[in-house]
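Data block below; observations after.
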Amino acid sequence: MNADVIVVGAGIAGLRCATRLLELGRDVIVLERDDAVGGRVRTDVVDGFRCDRGFQVLNPAYPAMQRWVDLDALDLASFRAGVLVRQRDGLAVVADPVREPRLLGATLRSGYVRPLELAALARWAARVIAAPRAVKAQPDRALAESFDAAGVTGRLRTEVLDPFLAGVLVDSHGRTSANFTKLLVRSFVLGRPGVPRLGMGALPELLAAPLRGRVRLHAEVEAVFPSGDGVEVRVAGTRLRAGAVVVATDPVEAAVLSGLPQPAVGGLVTWWFEAPEAPHPLALIAVDGRRGHPSGAVRSPGPVWNTALMTAAAPSYAPPGRHLVAATTLLDRADGEAGEAQVRKHVGEIYGVDTAGWRVVTRHRIDAALPVQQPGTPLRRPVVVRDGVFVCGDHRDTPSLQGALVSGNRAADAVHAHLG
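Take the position in the sequence shown, starting the count at 1, then add 5; the result is the number in this note's numbering.
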């Protein structure tokens with residue numbers, strides 16, 4: 006045996022799984038095909054700018070984050086608790102009046118604070134926000150259908166919630182599980198999402214710290230198969246043997262190595278621009294409310310579903326005195342493949358600024374950014390594939406950093422029990 010357990014993949018789930026196995030006294034090897042840990046959570050430094058691979062945020066309210074991650078060590082830079090919305094006649098701010106009292110006036114002037122709409126939204130979400138376990142007792146349906154049934158049908162939905170959640174869920178059609186979305190909304194209500202000051206890649210680097218010497222990079226696993234009383238993996242023509250193997254790759258590769266059905270995934274493209282001046286002073290994620298229409302129809306003012314001035318929240322994302330803007334398109338729509346000119350134009354319209362002088366720093370296309378949490382899908386799925394082979398990742402729990410961490414921990418406990 007080369008180790009008690011081989012973990013294939015050094016993403017968030019795989020790193021948590023390996024660390025938990027070490028805590029349980031197991032000898033572990035982690036095999037990662039890329040040149041660094043992180044999986045889908047990576048940060049590229051380009052010309053001094055920190056560009057995450059796909060626009061991502063970290064929510065410190067996630068229970069798994071609080072339990073297993075040293076959040077102080079990440080030195081989080083938080084966004085404000087609100088959204089910037091492009092309207093037909095200007096920009097509006099919609100913010101949490103409790104956490105952002107100084108933005109209350111702007112929020113009241115936005116036109117979205119209407120008692121009937123707020124009451125409908127409260128009916129939709131209040132029970133799960135107060136008691137998250139209540140979601141298990143609720144019938145599930147697609148997000149759009151769920152909003153309709155609760156009477157969440159006004160401008161607050163079509164111009165704010167729909168475009169904002171589309172970017173978060175990587176789903177512009179509202180087909181994601183409503184029950185999962187309610188849990189996600191709860192995390193936004195309780196937490197203030199942000200980014201580590203050194204980029205999202207700082208999270209996997211922190212998680213990998215206890216695994217020094219146990220992570221092998223540039224080690225692409227070609228196959229996993231049974232061998233006697235253990236399991237073997239084939240890596241670049243060589244074979245490694247262990248008592249158990251945990252497949253902790255992205256959901257597409259995990260299906261290939263484990264034999265499980267491939268889950269549906271959502272893709273996105275994030276463009277990173279250097280701006281000579283900040284397009285807006287507030288650290289708010291911006292969306293285009295012109296997409297919405299009271300009839301429920303979705304207009305297409307442009308390909309960008311969310312954009313953010315990263316340096317308003319985290320100045321460390323750029324060299325001193327410079328500004329970094331992220332803009333994301335979604336690949337479940339034809340315009341997700343939009344070119345630079347279209348993206349640049351649309352971002353300029355959202356902020357109401359001239360973007361002709363902006364420079365593209367880099368662009369990331371992530372075809373499998375998130376698994377799709379379809380209505381009725383269990384929030385927790387088995388981590389045992391077959392004797393000695395296990396799987397973990399956000400496709401086994403919820404499609405989130407919370408789900409990845411919990412899944413990795415569950416898989417480690419299952420492996421430990423299997424090995425006896």
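We put the beta carbon where it would ideally sit given N, CA and C, even for glycine.
Just so we're clear, the structure is a prediction, and the values are computed from it rather than from any experiment.
Same chain only: Cβ atoms within 6 Å of residue i, ignoring 5 sequence neighbours per side
i	result
Ala323	Phe54, Thr316, Leu329
Gly159	Glu122
Gly156	Ala125
Ala280	His328, Val330, Trp363
Pro268	Pro256, Pro376, His400
Pro306	Asp293, Arg295
Arg221	Leu36
Ala288	Phe84, Arg85, Ala317, Ala318
Ala18	Ala253, Cys397, Gly398, Ala409, Ser412, Gly413
Val10	Leu26, Arg31, Val33, Ala247, Ala249, Val420
Leu29	His421
Phe417	The identity of residue 417 in the sequence shown is Ala, whereas the question assumes Phe. Around Ala417: Cys22, Arg25, Leu26.
Length of the line joining the Cα atoms of residue i and residue j
i	j	result
Pro106	Val90	18 Å
Val194	Ala313	19 Å
Ala339	Pro308	9 Å
Gly341	Thr181	18 Å
Ala8	Val35	10 Å
Val358	Leu203	28 Å
Gly381	Ala422	29 Å
Pro120	Phe152	16 Å
Asp255	Gly398	7 Å
Asp52	Val46	20 Å
Trp277	Met6	46 Å
His351	Pro168	14 Å
Ser83	Ala131	25 Å
His285	Gly297	22 Å
Arg191	Pro209	24 Å
Leu143	Ser177	Strictly speaking, residue 143 in this sequence is Gln, with Leu absent from that position. Those two C-alpha atoms are separated by around 24 Å.
Gln71	Thr186	21 Å
Pro387	Arg415	9 Å
Leu170	Asp402	19 Å
Val140	Asp77	31 Å
Val238	Ala260	15 Å
Ala183	Pro266	23 Å
Glu227	Ala346	40 Å
Val50	Thr367	10 Å
Best match in the options for proximity to residue i [C-alpha to C-alpha]
i	options	result
Thr163	Ala139, Leu126, Arg146, Gln61	Leu126
Val12	Leu245, Leu63, Ser83	Leu245
Val173	Thr333, Asp418, Thr48, Glu227	Thr333
Ala319	Ala346, Val352, Ala283	Ala283
Arg295	Val420, Cys22, Arg93	Arg93
Arg104	Gly353, Gly196, Ala247	Gly196
Gly179	Lys187, Val165, Leu148	Leu148
Pro137	Arg72, Leu384, Ala260	Leu384
Ser405	Val365, Leu188, Pro325	Leu188
Gly199	Phe60, Arg368, Arg415, Ala97	Phe60
Ala41	Gly235, His223, Trp73, Val366	His223
Asp101	Gly110, Gly87, Gly95	Gly87
Ala15	Glu28, Arg31, Gly44	Gly44
Val365	Arg349, Gly218, Val240	Arg349
Leu166	Leu108, Trp129, Ala139, Gly425	Trp129
Leu96	Gln379, Gly353, Asp392, Leu424	Gly353
Val236	Ser321, Thr367, Leu424, Val50	Leu424
Cβ-based neighbour list, residue i, same chain, cut-off 8 Å, excluding 5 preceding and 5 following
i	result
Gly272	Val175, Leu335, Leu336, Asp337, Gly341, Arg370, Ile371, Asp372, Ala373, Ala374
Pro68	Gln407
Thr48	Arg55, Cys56, Asp57, Arg58, Leu203, Gly204, Met205, Gly206, Ala207
Ser263	Val229, Val252, Val390, Val394, Val396
Leu109	Ala100, Pro102
For residue i, the residue or residues it bridges with in DSSP
i	result
Ile34	Ile11
Thr334	Val274, Val309
Leu329	Glu279
Asp57	Thr48
Glu199	In the sequence as presented, Glu is not what sits at residue 199; that position holds Gly. DSSP output for Gly199 lists Leu63, Ser83 as bridge partner(s).
Pro376	Val270
Pro231	Val236
Asp293	Arg91
His223	Answer is none; His223 lacks a bridge partner.
Ile134	Beta-bridge pairing links Ile134 to no other residue.
Ile371	Leu273
Phe395	Val251, Val389
Own chain residues within Cβ distance below 7 Å of residue i, not counting five before or after
i	result
Ile355	Arg91, Ala291, Asp293, Val309, Thr312
Val389	Phe395, Ala419
Ala343	Pro308, Thr334
Leu79	Pro201, Ala207, Leu208, Leu211
Trp73	Arg21, Leu410
8 Å Cβ cutoff, residue i in contact with chain D
i	result
Gln378	Protein chain content of the structure displayed is limited to a single chain, and chain D is not contained in it.
Is it true that the segment 228-238 meets the segment 110-122, where meeting means three or more beta-carbon pairs spaced less than 8 Å apart? The segment 228-238 is not in contact with the segment 110-122.
Within the chosen definition, does the segment 28-42 reach the segment 51-66 through at least 3 CB pairs nearer than 8 Å? Flag = no, the segment 28-42 and the segment 51-66 do not touch.
Counting Cβ pairs, one atom from each stretch, are 3 or more of them under 8 Å apart for the segment 212-219 and the segment 17-27? Yes, the segment 212-219 is in contact with the segment 17-27.
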